[in-house]
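Here the sequence shown is numbered in my numbering, starting from 12 and rising by one per residue. Even glycine gets a Cβ: it sits at the ideal position worked out from N, Cα and C. Report on one structure; see the data block that follows.
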Amino acid sequence: MTNACLFSGGKDSTLALHKVVNSGIKIELLITFLSENKFSYMFHYPNAKQTSLQAEALGIKQIFIKTEGKKEEELKDLEKALVENNVTLLVTGATYSRYQADRIQKITDKHKIENIAPLWHIDPISELTELSENFNVIISAVAAEGLNETHLGRKIDNKLIEELKILNKKNGINLVFEGGEAESFVLDGPLFKKSIKILKSKKEWNGERGVFEIQEAILENK
12 MTNACLFSGG KDSTLALHKV VNSGIKIELL ITFLSENKFS YMFHYPNAKQ TSLQAEALGI
72 KQIFIKTEGK KEEELKDLEK ALVENNVTLL VTGATYSRYQ ADRIQKITDK HKIENIAPLW
132 HIDPISELTE LSENFNVIIS AVAAEGLNET HLGRKIDNKL IEELKILNKK NGINLVFEGG
192 EAESFVLDGP LFKKSIKILK SKKEWNGERG VFEIQEAILE NK
């Protein structure tokens, strides 16, 4: 019997983990997928390998699962991982996406796994504000009109939140990036015993979308 978290290292899975642990539930395993497909429908791609630093900072065991990231087929990899690791409770960072939530629910129902999604339909501004106040989160990828190269590597703070509000009204950007507008990476949080310091990084920008790649990072005392 294992309590696990589907962990991408982004803001949603990290905040979901935080809320569940604070509710008194012990999480024993982080499950992180390494997708060969940059545009996986289910799993984050940017900086996935760097989540090992987050797991170490959190003091929680982590496993990496490789997947080709093919639409629908990648769900078989998720199901296999849950069964092989005897997962009986699964935490996810699902917020609004029915595509992800319904497919995960179908798998957990099939195997009688308790499915917890503490951020489901969370108020976007409330989430961003909590992240700004209590976490150190950066933008790791952008793929929406209005977001550009200057946003890559930016910290989610009050200034960025105000910019996102404007882009939401102007371009319809989802404030929690549920439509794939952007992805994120958490460098520090209340549960982290150490924080992550980026030593080397690079930006990739093609004029429409981009990625902030963490090339080298270390843990340092807080």
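Can you list, in chain order, the residues of its chain whose CB lies under 6 Å from that of Asp168, leaving out five sequence neighbours each side?
Within the sequence shown, numbered from 1, the residue matching residue 168 stands at position 157. Only Ser143 meet the Cβ criterion.
Beta-carbon separation of Ala27 and Thr103 under 8 Å?
Within the sequence shown, numbered from 1, the residue matching residue 27 stands at position 16. Within the sequence shown, numbered from 1, the residue matching residue 103 stands at position 92. Closer than 8 Å, so yes.
With a Cβ-Cβ cutoff of 8 Å, do Pro129 and Lys211 count as a contact?
For the purposes of this step, residue 129 is identified with residue 118 of the sequence shown, where counting begins at 1. For the purposes of this step, residue 211 is identified with residue 200 of the sequence shown, where counting begins at 1. Contact flag unset, no.
Secondary structure, alpha helix (DSSP H): runs of 4+ residues fully inside the stretch 122–169:
135–145
Assigned secondary structure, Asn232 (DSSP; H/G/I helix, E/B strand, else coil):
Position 221 of the sequence shown holds residue 232. Asn232: strand per DSSP, three-state reduction.
Determine the burial state of Ile42: buried for a count of at least 16 other Cβ atoms within 10 Å of its Cβ, exposed for fewer.
The count along the sequence shown starts at 1 and reaches residue 42 at position 31. Around the CB of Ile42, 16 or more other CB atoms lie within 10 Å, so the residue is classed as buried.
What's the C-alpha gap between Gln65 and Val197?
Translated into the one-based positions of the sequence shown, residue 65 becomes position 54. Translated into the one-based positions of the sequence shown, residue 197 becomes position 186. In a straight line, the C-alpha of Gln65 is about 8 Å away from that of Val197.
Starting from Thr78, trace the beta strand (DSSP E) in both directions and tell me its first and last residue.
Taking the first residue of the sequence shown as 1, we reach residue 78 at position 67. Here the beta strand (DSSP E) through Thr78 covers Lys72 to Thr78.
Coarse secondary structure for Asn239, derived from DSSP in three states:
Since the first and last residues shown for the chain are 12 and 233, residue 239 lies out of range.
Does DSSP put Val187 in a helix, in a strand, or in coil?
Indexing the sequence shown from 1 puts residue 187 at position 176. Residue state, collapsed to three classes: coil.
Tell me the residue span of the beta strand (DSSP E) that contains Thr43.
Counted from its first residue, the sequence shown places residue 43 at position 32. It spans Leu40 to Ser46 - the beta strand (DSSP E) in which Thr43 sits, taken as one unbroken run.
Using a threshold of 8 Å, state whether the C-beta atoms of Ala59 and Ile76 are closer than that.
Counting from one through the sequence shown, the residue named residue 59 turns up at place 48. Counting from one through the sequence shown, the residue named residue 76 turns up at place 65. Their beta carbons are not under 8 Å apart, which means Ala59 does not touch Ile76 by this criterion.
Tell me the rounded alpha-carbon separation between Ala152 and Ile209.
Position 141 of the sequence shown, counted from the start, is the residue given in the question as residue 152. Position 198 of the sequence shown, counted from the start, is the residue given in the question as residue 209. Ala152 and Ile209: Cα-Cα distance of roughly 16 Å.
Distance check for Pro135 and Asn179, CA to CA, integer angstroms please.
By one-based count along the sequence shown, residue 179 stands at place 168. By one-based count along the sequence shown, residue 135 stands at place 124. Answer to the nearest angstrom: the Cα atoms are 11 Å apart.
Please name the residue, chosen from Ile177, Asn217 and Glu47, that lies closest to Glu84 on a Cα-to-Cα basis.
Working through the sequence shown from its first residue, we reach residue 84 at position 73. When each option's Cα is compared against that of Glu84, the closest is Glu47.
For Ala15 versus Leu139, is the C-beta spacing smaller than 8 Å?
On the sequence shown, position 4 is the one that residue 15 refers to. On the sequence shown, position 128 is the one that residue 139 refers to. Taking 8 Å as the Cβ cut-off, Ala15 and Leu139 do not qualify as a contacting pair.
Which residue marks the beginning of the beta strand (DSSP E) containing Lys30, and which one marks its end?
Position 19 of the sequence shown holds residue 30. Careful: Lys30 lies outside any beta strand (DSSP E), inside the alpha helix (DSSP H) at Lys22 to Asn33.
Please list, in chain order, all residues of the same chain as Trp216 whose beta carbon is under 6 Å from its beta carbon, the five residues on each side excluded.
Here residue 216 refers to the residue found at position 205 when the sequence shown is read from its first residue. Within its own chain, the residues whose Cβ lies closer than 6 Å to the Cβ of Trp216, once the five positions on either side in sequence are excluded, are Glu160, listed in chain order.
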